[in-house]
Amino acid sequence: MNLRWSGWRIAILAGLMIAGLVVVGRESSLTRRSADFTIVYAAALLTRDGHPEAVYQPDQLGPLMLRLSDNAIDPRLPFDAPLALVLPFVPLSFLPLETAFHVWQLASLALLGLSLLLLARWVSLGRRGLVMALLALAAFPATWALLSEGQSSALLLLGAVLLLGAWSSGSAGLALAGAGLLALKPQYLPVYLILIAARRQWRALGAALLGSMVVGLSPMLAGGPRGLLAMVGSALAAGQGWLGSSESLVATLAPLLPSRVATVAGFTAWGIALGVLAVIAMRTRGSMPVAALATAMAVLFSPHALPYDTVLLALPAWLGFSLYRSGAIYNPALAYLAVALALLVDLGRPLVSLAPIALVAVLLWYGRDFWLRRQRPPAMPVAA
(Lines of atoms letter the chains of each structure in order from A and count residues from 1; the text may use other names and numbers.)
(Lines give C-alpha, C1' and ligand atoms only; values in the text may rest on other atoms or scores of the structure.)
Protein backbone atom coordinates (compact mmCIF):
# COMPACT_ATOMS: atom_id res chain seq x y z
CA MET A 1 0.00 0.00 0.00
CA ASN A 2 1.09 3.57 -0.63
CA LEU A 3 1.48 6.06 2.19
CA ARG A 4 -1.36 8.28 0.95
CA TRP A 5 -1.95 11.73 2.43
CA SER A 6 -5.06 13.34 0.93
CA GLY A 7 -5.28 17.04 0.16
CA TRP A 8 -6.92 18.11 3.42
CA ARG A 9 -4.41 16.10 5.46
CA ILE A 10 -1.54 17.76 3.61
CA ALA A 11 -3.17 21.14 4.30
CA ILE A 12 -3.33 20.46 8.05
CA LEU A 13 0.27 19.21 8.02
CA ALA A 14 1.39 22.36 6.22
CA GLY A 15 -0.56 24.51 8.68
CA LEU A 16 1.12 22.81 11.63
CA MET A 17 4.54 23.29 10.07
CA ILE A 18 3.94 26.99 9.41
CA ALA A 19 2.64 27.45 12.96
CA GLY A 20 5.75 25.75 14.32
CA LEU A 21 8.04 27.98 12.29
CA VAL A 22 6.21 31.05 13.60
CA VAL A 23 6.31 29.87 17.23
CA VAL A 24 10.02 29.00 17.20
CA GLY A 25 11.11 31.80 14.88
CA ARG A 26 9.35 34.58 16.81
CA GLU A 27 10.49 33.41 20.23
CA SER A 28 11.66 36.38 22.29
CA SER A 29 14.99 36.71 24.07
CA LEU A 30 13.16 36.69 27.41
CA THR A 31 11.46 33.39 26.54
CA ARG A 32 14.75 31.80 25.52
CA ARG A 33 16.48 32.93 28.72
CA SER A 34 13.66 31.51 30.86
CA ALA A 35 13.57 28.18 28.99
CA ASP A 36 14.57 24.80 30.43
CA PHE A 37 17.82 25.04 28.49
CA THR A 38 19.08 27.56 31.05
CA ILE A 39 18.84 24.92 33.80
CA VAL A 40 21.00 22.42 31.93
CA TYR A 41 23.38 25.15 30.75
CA ALA A 42 23.91 26.26 34.36
CA ALA A 43 24.44 22.64 35.45
CA ALA A 44 26.99 22.16 32.66
CA LEU A 45 28.79 25.33 33.73
CA LEU A 46 29.04 24.11 37.33
CA THR A 47 30.31 20.72 36.15
CA ARG A 48 32.86 22.33 33.82
CA ASP A 49 34.16 24.42 36.72
CA GLY A 50 34.66 21.30 38.85
CA HIS A 51 31.56 21.57 41.05
CA PRO A 52 29.26 18.73 39.94
CA GLU A 53 27.93 18.35 43.49
CA ALA A 54 26.34 21.83 43.18
CA VAL A 55 24.12 20.70 40.31
CA TYR A 56 21.54 19.23 42.70
CA GLN A 57 21.83 22.04 45.28
CA PRO A 58 19.17 24.71 44.65
CA ASP A 59 21.01 27.29 46.75
CA GLN A 60 23.93 27.13 44.29
CA LEU A 61 22.18 26.32 41.02
CA GLY A 62 19.35 28.85 41.47
CA PRO A 63 21.48 32.02 41.84
CA LEU A 64 23.60 30.99 38.84
CA MET A 65 20.47 30.50 36.74
CA LEU A 66 19.25 33.96 37.74
CA ARG A 67 22.56 35.55 36.81
CA LEU A 68 22.78 33.77 33.46
CA SER A 69 19.19 34.62 32.51
CA ASP A 70 19.19 38.22 33.79
CA ASN A 71 16.52 37.25 36.35
CA ALA A 72 14.24 35.78 33.66
CA ILE A 73 13.95 32.25 35.11
CA ASP A 74 12.42 30.87 38.29
CA PRO A 75 15.44 29.91 40.45
CA ARG A 76 13.42 27.19 42.21
CA LEU A 77 13.37 25.03 39.08
CA PRO A 78 15.60 22.00 39.77
CA PHE A 79 18.01 20.03 37.65
CA ASP A 80 16.26 16.65 37.95
CA ALA A 81 18.08 14.45 35.40
CA PRO A 82 21.10 12.14 35.67
CA LEU A 83 24.39 14.02 35.72
CA ALA A 84 25.32 12.37 32.40
CA LEU A 85 22.86 14.71 30.68
CA VAL A 86 25.20 17.68 31.15
CA LEU A 87 28.00 16.08 29.10
CA PRO A 88 26.82 17.22 25.63
CA PHE A 89 26.14 20.67 27.07
CA VAL A 90 29.60 21.21 28.59
CA PRO A 91 31.12 22.34 25.24
CA LEU A 92 28.13 24.65 24.76
CA SER A 93 28.83 26.28 28.13
CA PHE A 94 31.82 28.05 26.54
CA LEU A 95 29.36 30.00 24.37
CA PRO A 96 27.03 32.79 25.54
CA LEU A 97 23.68 31.45 26.74
CA GLU A 98 21.55 32.48 23.76
CA THR A 99 24.18 31.44 21.21
CA ALA A 100 24.43 28.04 22.90
CA PHE A 101 20.62 27.82 22.83
CA HIS A 102 20.52 28.28 19.05
CA VAL A 103 23.36 25.80 18.51
CA TRP A 104 21.45 23.22 20.55
CA GLN A 105 18.31 23.86 18.49
CA LEU A 106 20.26 23.00 15.34
CA ALA A 107 21.79 19.96 17.02
CA SER A 108 18.31 18.80 18.08
CA LEU A 109 17.04 19.04 14.51
CA ALA A 110 20.05 17.02 13.33
CA LEU A 111 19.40 14.37 16.00
CA LEU A 112 15.73 14.10 15.02
CA GLY A 113 16.68 13.69 11.37
CA LEU A 114 19.35 11.12 12.22
CA SER A 115 16.80 9.15 14.25
CA LEU A 116 14.46 8.81 11.28
CA LEU A 117 17.31 7.97 8.89
CA LEU A 118 18.39 5.15 11.20
CA LEU A 119 14.81 4.00 11.64
CA ALA A 120 14.48 3.79 7.86
CA ARG A 121 17.41 1.33 7.80
CA TRP A 122 15.69 -1.12 10.14
CA VAL A 123 12.04 -0.66 9.14
CA SER A 124 11.86 0.72 5.61
CA LEU A 125 8.93 2.83 4.43
CA GLY A 126 10.54 3.69 1.12
CA ARG A 127 12.07 7.02 0.09
CA ARG A 128 8.72 8.82 -0.09
CA GLY A 129 7.80 7.48 3.32
CA LEU A 130 11.01 8.86 4.83
CA VAL A 131 10.41 12.31 3.33
CA MET A 132 6.84 12.40 4.66
CA ALA A 133 8.04 11.23 8.06
CA LEU A 134 10.62 14.03 8.24
CA LEU A 135 7.96 16.59 7.34
CA ALA A 136 5.46 15.13 9.81
CA LEU A 137 8.00 15.16 12.64
CA ALA A 138 8.97 18.76 11.84
CA ALA A 139 5.29 19.74 11.98
CA PHE A 140 4.51 17.83 15.19
CA PRO A 141 3.83 20.26 18.08
CA ALA A 142 6.18 18.33 20.36
CA THR A 143 9.03 19.33 18.05
CA TRP A 144 8.14 22.99 18.45
CA ALA A 145 8.03 22.53 22.21
CA LEU A 146 11.46 20.92 22.47
CA LEU A 147 12.99 23.55 20.18
CA SER A 148 11.34 26.37 22.14
CA GLU A 149 12.60 25.03 25.47
CA GLY A 150 15.98 23.73 24.28
CA GLN A 151 15.04 20.36 25.72
CA SER A 152 16.95 17.08 25.35
CA SER A 153 14.07 14.99 23.97
CA ALA A 154 15.85 14.53 20.63
CA LEU A 155 18.43 12.46 22.52
CA LEU A 156 15.59 10.32 23.89
CA LEU A 157 14.22 9.63 20.41
CA LEU A 158 17.66 8.66 19.15
CA GLY A 159 18.03 6.32 22.13
CA ALA A 160 14.64 4.73 21.45
CA VAL A 161 15.51 4.23 17.77
CA LEU A 162 18.85 2.62 18.66
CA LEU A 163 17.02 0.27 21.04
CA LEU A 164 14.60 -0.62 18.25
CA GLY A 165 17.63 -1.40 16.12
CA ALA A 166 18.89 -3.68 18.89
CA TRP A 167 15.44 -5.29 19.05
CA SER A 168 15.59 -5.85 15.30
CA SER A 169 19.20 -7.06 15.04
CA GLY A 170 20.23 -8.21 18.51
CA SER A 171 23.18 -5.77 18.48
CA ALA A 172 24.68 -5.27 21.94
CA GLY A 173 26.38 -2.05 20.83
CA LEU A 174 23.11 -0.46 19.74
CA ALA A 175 21.47 -1.60 22.97
CA LEU A 176 24.26 -0.11 25.09
CA ALA A 177 24.13 3.29 23.37
CA GLY A 178 20.35 3.39 23.10
CA ALA A 179 19.71 2.53 26.73
CA GLY A 180 22.31 5.05 27.84
CA LEU A 181 20.46 7.81 25.99
CA LEU A 182 16.95 6.75 26.98
CA ALA A 183 18.03 6.40 30.62
CA LEU A 184 18.30 10.19 30.71
CA LYS A 185 14.56 9.90 31.40
CA PRO A 186 14.35 6.32 32.66
CA GLN A 187 10.56 6.08 32.85
CA TYR A 188 10.49 5.38 29.11
CA LEU A 189 13.13 2.64 29.17
CA PRO A 190 11.39 -0.49 30.61
CA VAL A 191 9.12 -0.94 27.59
CA TYR A 192 12.13 -1.29 25.28
CA LEU A 193 13.86 -3.69 27.67
CA ILE A 194 10.71 -5.82 27.67
CA LEU A 195 10.67 -5.95 23.86
CA ILE A 196 14.33 -7.01 23.72
CA ALA A 197 13.79 -9.63 26.43
CA ALA A 198 10.74 -10.97 24.59
CA ARG A 199 13.00 -11.86 21.66
CA ARG A 200 15.43 -13.53 24.07
CA GLN A 201 18.29 -11.32 22.93
CA TRP A 202 20.17 -11.70 26.19
CA ARG A 203 23.44 -10.06 25.11
CA ALA A 204 21.57 -7.01 23.91
CA LEU A 205 19.51 -6.97 27.10
CA GLY A 206 22.63 -7.18 29.26
CA ALA A 207 24.25 -4.34 27.32
CA ALA A 208 21.11 -2.22 27.67
CA LEU A 209 21.04 -2.78 31.42
CA LEU A 210 24.71 -1.84 31.64
CA GLY A 211 24.21 1.36 29.65
CA SER A 212 21.22 2.39 31.72
CA MET A 213 23.06 1.70 34.98
CA VAL A 214 26.05 3.83 33.97
CA VAL A 215 23.79 6.78 33.20
CA GLY A 216 21.40 6.18 36.07
CA LEU A 217 24.22 6.10 38.62
CA SER A 218 26.04 9.12 37.18
CA PRO A 219 24.67 11.38 39.98
CA MET A 220 27.01 9.44 42.28
CA LEU A 221 29.75 11.64 40.80
CA ALA A 222 27.95 14.61 42.34
CA GLY A 223 28.39 13.61 45.96
CA GLY A 224 28.07 9.83 46.09
CA PRO A 225 24.77 8.36 47.37
CA ARG A 226 23.65 11.81 48.49
CA GLY A 227 23.90 13.02 44.89
CA LEU A 228 21.77 10.10 43.70
CA LEU A 229 19.15 10.74 46.39
CA ALA A 230 19.14 14.45 45.55
CA MET A 231 18.41 13.68 41.89
CA VAL A 232 15.58 11.28 42.79
CA GLY A 233 14.07 13.83 45.17
CA SER A 234 14.25 16.58 42.54
CA ALA A 235 12.68 14.32 39.91
CA LEU A 236 9.78 13.31 42.16
CA ALA A 237 9.16 16.91 43.23
CA ALA A 238 9.21 18.10 39.62
CA GLY A 239 6.87 15.30 38.56
CA GLN A 240 4.31 16.27 41.18
CA GLY A 241 4.60 19.97 40.42
CA TRP A 242 4.18 19.62 36.64
CA LEU A 243 1.64 16.79 36.58
CA GLY A 244 -1.02 19.07 35.11
CA SER A 245 1.15 19.68 32.02
CA SER A 246 1.99 16.00 31.56
CA GLU A 247 0.90 14.05 28.49
CA SER A 248 0.65 10.69 30.26
CA LEU A 249 -2.72 9.11 31.02
CA VAL A 250 -2.51 9.98 34.71
CA ALA A 251 -2.54 13.67 33.74
CA THR A 252 -6.23 13.34 32.92
CA LEU A 253 -6.78 12.69 36.65
CA ALA A 254 -4.59 15.57 37.82
CA PRO A 255 -7.46 18.08 38.28
CA LEU A 256 -9.43 15.55 40.34
CA LEU A 257 -6.79 14.25 42.77
CA PRO A 258 -4.20 15.69 45.14
CA SER A 259 -0.79 15.72 43.46
CA ARG A 260 0.64 13.03 45.76
CA VAL A 261 -2.31 10.70 45.16
CA ALA A 262 -2.12 11.29 41.41
CA THR A 263 1.60 10.49 41.47
CA VAL A 264 0.97 7.20 43.29
CA ALA A 265 -1.84 6.39 40.84
CA GLY A 266 0.50 7.11 37.94
CA PHE A 267 3.21 4.77 39.19
CA THR A 268 0.62 2.08 39.93
CA ALA A 269 -0.88 2.28 36.44
CA TRP A 270 2.63 2.27 34.96
CA GLY A 271 3.56 -0.90 36.84
CA ILE A 272 0.35 -2.70 35.84
CA ALA A 273 0.76 -1.67 32.19
CA LEU A 274 4.35 -2.94 32.13
CA GLY A 275 3.25 -6.25 33.64
CA VAL A 276 0.49 -6.75 31.08
CA LEU A 277 2.82 -5.74 28.26
CA ALA A 278 5.49 -8.18 29.43
CA VAL A 279 3.01 -11.07 29.27
CA ILE A 280 1.80 -10.09 25.79
CA ALA A 281 5.32 -9.52 24.46
CA MET A 282 6.65 -12.82 25.77
CA ARG A 283 3.77 -14.72 24.16
CA THR A 284 4.26 -13.06 20.78
CA ARG A 285 8.08 -12.89 20.86
CA GLY A 286 7.91 -9.11 20.49
CA SER A 287 6.13 -8.98 17.13
CA MET A 288 5.82 -5.79 15.08
CA PRO A 289 2.22 -5.04 16.17
CA VAL A 290 3.21 -5.50 19.81
CA ALA A 291 6.24 -3.23 19.32
CA ALA A 292 3.97 -0.52 17.88
CA LEU A 293 1.61 -0.85 20.86
CA ALA A 294 4.44 -0.98 23.39
CA THR A 295 6.26 2.10 22.15
CA ALA A 296 3.01 4.08 22.33
CA MET A 297 2.38 2.77 25.85
CA ALA A 298 5.85 3.97 26.87
CA VAL A 299 4.53 7.53 26.67
CA LEU A 300 0.86 6.94 27.50
CA PHE A 301 1.45 5.09 30.79
CA SER A 302 4.60 6.91 31.84
CA PRO A 303 4.31 8.37 35.35
CA HIS A 304 5.35 11.69 33.83
CA ALA A 305 5.62 12.73 30.17
CA LEU A 306 6.05 16.39 29.29
CA PRO A 307 4.82 17.62 25.88
CA TYR A 308 8.23 17.67 24.21
CA ASP A 309 8.82 14.03 25.16
CA THR A 310 5.94 13.00 22.91
CA VAL A 311 8.41 13.12 20.01
CA LEU A 312 8.88 9.50 21.13
CA LEU A 313 5.53 8.82 19.45
CA ALA A 314 7.41 9.09 16.15
CA LEU A 315 8.49 5.50 16.71
CA PRO A 316 5.02 3.88 17.08
CA ALA A 317 3.82 6.10 14.22
CA TRP A 318 6.59 4.74 11.99
CA LEU A 319 5.77 1.15 12.97
CA GLY A 320 2.10 1.90 12.36
CA PHE A 321 2.81 3.00 8.79
CA SER A 322 4.83 -0.19 8.31
CA LEU A 323 1.80 -2.21 9.42
CA TYR A 324 -0.37 -0.16 7.06
CA ARG A 325 1.91 -0.98 4.12
CA SER A 326 1.40 -4.67 4.87
CA GLY A 327 -2.39 -4.23 4.98
CA ALA A 328 -2.61 -4.91 8.73
CA ILE A 329 -4.30 -1.62 9.68
CA TYR A 330 -5.94 1.46 8.18
CA ASN A 331 -3.83 4.49 7.20
CA PRO A 332 -2.39 5.95 10.47
CA ALA A 333 -2.33 9.49 9.07
CA LEU A 334 -5.61 10.16 10.89
CA ALA A 335 -4.06 9.00 14.16
CA TYR A 336 -1.13 11.37 13.68
CA LEU A 337 -3.42 14.32 13.03
CA ALA A 338 -5.69 13.52 15.99
CA VAL A 339 -2.80 13.35 18.45
CA ALA A 340 -1.03 16.37 16.92
CA LEU A 341 -4.12 18.58 17.16
CA ALA A 342 -4.84 17.41 20.71
CA LEU A 343 -1.25 18.17 21.69
CA LEU A 344 -1.56 21.60 20.09
CA VAL A 345 -4.49 22.32 22.42
CA ASP A 346 -2.52 20.96 25.38
CA LEU A 347 0.29 23.44 24.78
CA GLY A 348 -2.24 26.08 25.79
CA ARG A 349 -2.50 24.40 29.23
CA PRO A 350 -6.18 23.32 29.32
CA LEU A 351 -7.68 21.91 32.53
CA VAL A 352 -7.36 18.32 31.24
CA SER A 353 -4.67 17.02 28.87
CA LEU A 354 -6.32 15.91 25.63
CA ALA A 355 -3.41 14.15 23.90
CA PRO A 356 -3.47 11.05 26.16
CA ILE A 357 -7.23 10.76 25.62
CA ALA A 358 -6.71 11.02 21.86
CA LEU A 359 -3.95 8.42 22.03
CA VAL A 360 -6.17 5.99 23.95
CA ALA A 361 -8.91 6.43 21.33
CA VAL A 362 -6.39 5.87 18.53
CA LEU A 363 -5.02 2.69 20.11
CA LEU A 364 -8.53 1.29 20.67
CA TRP A 365 -9.69 2.10 17.14
CA TYR A 366 -6.61 0.77 15.37
CA GLY A 367 -6.45 -2.23 17.71
CA ARG A 368 -10.01 -3.13 16.74
CA ASP A 369 -9.19 -2.59 13.06
CA PHE A 370 -6.13 -4.85 13.36
CA TRP A 371 -8.16 -7.57 15.08
CA LEU A 372 -10.98 -7.45 12.51
CA ARG A 373 -8.53 -7.70 9.62
CA ARG A 374 -6.89 -10.71 11.29
CA GLN A 375 -10.29 -12.45 11.38
CA ARG A 376 -10.91 -12.10 7.66
CA PRO A 377 -10.41 -15.29 5.66
CA PRO A 378 -7.45 -15.14 3.28
CA ALA A 379 -8.28 -14.15 -0.28
CA MET A 380 -8.77 -17.14 -2.57
CA PRO A 381 -6.58 -17.23 -5.68
CA VAL A 382 -8.42 -16.47 -8.90
CA ALA A 383 -8.73 -19.50 -11.16
CA ALA A 384 -6.91 -19.27 -14.48
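Numbering (my numbering), first residue to last: 9 to 392. Quick reminder that beta carbons are idealized off the backbone N, C-alpha and C, glycines included. Nothing here was measured: the structure is a model prediction, and the numbers come from that model.
Mapping the DSSP letters down to three states, classify Tyr64 as helix, strand or coil. helix
Quick one: give me the first and last residue of the alpha helix (DSSP H) that Thr2 is part of. Since the first residue shown for the chain is 9 and the last is 392, residue 2 is missing from the structure and cannot be characterised.
Starting from the C-beta of Ala183, find all residues in its chain whose C-beta is less than 6 Å away, skip the five residues before and the five after it, and write them out in chain order. Contacts found: Ala174, Ala212, Ala215, Ala216.
According to DSSP, is His59 part of a helix, a strand, or is it coil? coil
Kindly indicate which three-state DSSP category Ile337 falls into: helix, strand or coil? coil
Measuring straight from C-alpha to C-alpha, what distance separates Ala350 and Pro263? 18 Å
Residues near Leu359 in its chain [Cβ-Cβ closer than 6 Å; skip 5 each side]: Pro263
First and last residue of the alpha helix (DSSP H) that includes Pro198? 197 to 206
Buried or exposed: Ile280, going by 16 or more other Cβ atoms within 10 Å of its Cβ? exposed
Is it buried or exposed for Leu380, if we count other Cβ within 10 angstroms and need 16 for buried? exposed
Would Leu91 and Ser226 be called neighbours here (beta carbons separated by less than 8 Å)? yes
Continuous alpha helix (DSSP H) stretch holding Tyr374: start and end: 363 to 383
Under a three-way DSSP split, which group does Val96 fall into? The sequence as given places Pro at residue 96; Val does not occur at that position. Three-state result, Pro96: helix.
Buried or exposed: which applies to Val131, given that a residue is buried once 16 or more other Cβ atoms fall within 10 Å of its Cβ? buried
Any idea if Ala392 is buried or exposed, counting beta-carbon neighbours within 10 angstroms, 16 or more meaning buried? Confidence is the limiting factor: at Ala392 the pLDDT is only 45, short of 50, which leaves the residue's position unreliable and the question unanswerable from this model.
Could you give the distance in angstroms between the alpha-carbon of Ser101 and the alpha-carbon of Tyr49? 6 Å
Can you grab the Cα-Cα spacing for the pair Leu170 / Thr303, in whole Å? The C-alpha of Thr303 is placed about 13 Å away from the C-alpha of Leu170.
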